[in-house]
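A.B. asks:
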Amino acid sequence: KNQVEQSPQSLIILEGKNCTLQCNYTVSPFSNLRWYKQDTGRGPVSLTIMTFSENTKSNGRYTATLDADTKQSSLHITASQLSDSASYICVVGLYSGGGADGLTFGKGTHLIIQP
Amino acid sequence: DSGVTQTPKHLITATGQRVTLRCSPRSGDLSVYWYQQSLDQGLQFLIQYYNGEERAKGNILERFSAQQFPDLHSELNLSSLELGDSALYFCASSVEGTKGRNTIYFGEGSWLTVV
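Residue numbers (my numbering), protein chains in the order written: chain A, -8 to 106; chain B, 42 to 156.
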């Protein structure tokens, strides 16, 4: 069964600190891995997208890594800001040769940045 | 602003009723997706349309139906509503499917409360 597990479920850190969020998946065959940021009550916003051949992708203070061999990904946030408080969702894309494509969503890590 | 427009933003209705949620995808995007997000739950994929045709089906109830029109806007119809249908419904769009680096853009969601 295709699954995406994220850890921790929630995290509280002080403003200015760094943090790393984890994502493990069992989706196969793999197509891509995406990280989204979702503010409470808002739509998810894409942070990074990585395919099989990529092992790191940055977007400002966000850096995602991918290890396709171990089926793990991480999202590192540097010098956190209050506006980083949100849920971060790991999404893995399933490769489908000729028909519908599918995404498997993790339940997200709820990150709170405290001043 | 993702470019994906959803209406209405909020909706309160009684059990047993029927509602229609509307989505206008980003200009040029051919794929439209519908997702349901209940309180403290991850995003659940409901259905995908590509250029007017159903492409993939997820955990969509028989009471729910959707369609994509020739102008590419989409509607999600929810009927015989139950209390458990209360959720945030997201529409998303992309140029093609979910393969590769194809970015998927989410709307701000429609909050449905069934009382």
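We put the beta carbon where it would ideally sit given N, CA and C, even for glycine.
(1) Should L80/B be flagged as near chain A, meaning a C-beta pair shorter than 8 Å?
(2) For R63/B, return the contacting residues in chain A, with the cut-off set at a CB-CB distance below 9 Å.
(3) Applying the criterion that 16 or more other CB atoms from any shown protein chain within 10 Å of the CB defines a buried residue, is G89/A buried or exposed?
(4) In three-state DSSP terms, what is G84/A?
(5) Per the DSSP calculation, T56/B is bridged to which residue(s)?
(6) At least one CB of chain A closer than 8 Å to the CB of R142/B: is that the case?
(7) Could you run through the segment 94 to 105 of chain B and flag, in chain order, every residue whose CB is less than 7 Å away from some CB of chain A?
(8) In this structure, how does DSSP classify D112/B when only helix, strand and coil are distinguished?
(9) May I ask you to report which of helix, strand or coil DSSP gives D126/B?
(10) Out of K8/A, N(-7)/A, Q0/A and E(-4)/A, which one is the CA nearest neighbour of Y53/A?
(11) If we define contact as Cβ-Cβ less than 8 Å, is F110/B a contact residue for chain A?
(12) What whole-angstrom Cβ distance do T100/A and L12/A have, given they're in contact under 8 Å?
(13) Relative to the C-alpha of Q105/A, which candidate in Q72/A, Y79/A, P(-1)/A and G84/A has its C-alpha closest?
(14) Going along chain A in order, which residues have a C-beta closer than 8 Å to the C-beta of E116/B?
(15) CB-CB under 6 Å to A91/A, same chain, minus the five flanking residues each way: which ones, in chain order?
(16) With a 10 Å radius around its C-beta and 16 neighbouring C-beta atoms as the bar for buried, classify A128/B as buried or exposed.
C.D. replies: Once the coordinates are examined:
(1) no
(2) Correct list: empty, because the minimum Cβ distance to chain A is about 15 Å.
(3) Residue placement at G89/A cannot be trusted, given a pLDDT of 40 that sits under 50; what the coordinates show is reported in the next sentence. Exposed, because fewer than 16 other Cβ atoms sit within 10 Å of the Cβ of G89/A.
(4) strand
(5) Note: T56/B sits in no beta bridge, so no partner.
(6) yes
(7) R96 and A97
(8) coil
(9) helix
(10) K8/A
(11) no
(12) 5 Å
(13) Q72/A
(14) Correct list: empty, because the minimum Cβ distance to chain A is about 18 Å.
(15) The pLDDT assigned to A91/A is 44, lower than 50, so where the model puts this residue is not dependable; a value taken from the coordinates is nonetheless given after this. Within the same chain, A91/A has no close Cβ partners at all.
(16) buried
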